[in-house]
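*Asks:* In our numbering, the protein residues as written are 10 to 109.
Glycine included, every Cβ here is placed at the ideal spot set by N, Cα and C.
Since this is a predicted model, take the numbers as computed values, not measurements.
As structure tokens, this is what we get:
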């Protein structure tokens, strides 16, 4: 029964993280397609260590396996939102690079 409960929590978190993952993948791909490979790399590595690993370490004891899963869930959304903000802020500059 405990495995069933944990599996259902994991599947819910994994399912709801798909939108954040999609946002991260699309904006990362758009930035790379515009010739900027460094920003997606730096955002990905920073988010991995600052959000996913840190939250996993902090939340593992009080929440058990749900803690790292929650860290993974939040990492995907943070990465997607940060990349989207960077893309929107730099869209005109990126578009000029692709056109010229």
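May I ask you to report which of helix, strand or coil DSSP gives residue 38?
*Replies:* Helix.
*Asks:* Can you give me the C-alpha to C-alpha distance between residue 72 and residue 12, rounded to a whole angstrom?
*Replies:* Their Cα atoms are separated by approximately 15 Å.
*Asks:* Does DSSP put residue 46 in a helix, a strand or coil?
*Replies:* In the structure shown, residue 46 sits in coil (DSSP, three-state: anything other than H, G, I, E or B).
*Asks:* Report yes or no: do three or more beta-carbon pairs, one from the segment 50-67 and one from the segment 78-88, lie closer than 8 Å?
*Replies:* Counting Cβ pairs under 8 Å, three or more are found: they touch.
*Asks:* Can you find at least 3 beta carbon pairs, one from the segment 36-49 and one from the segment 87-102, that sit closer than 8 Å?
*Replies:* Contact between the segment 36-49 and the segment 87-102 is present, because at least three Cβ pairs lie under 8 Å.
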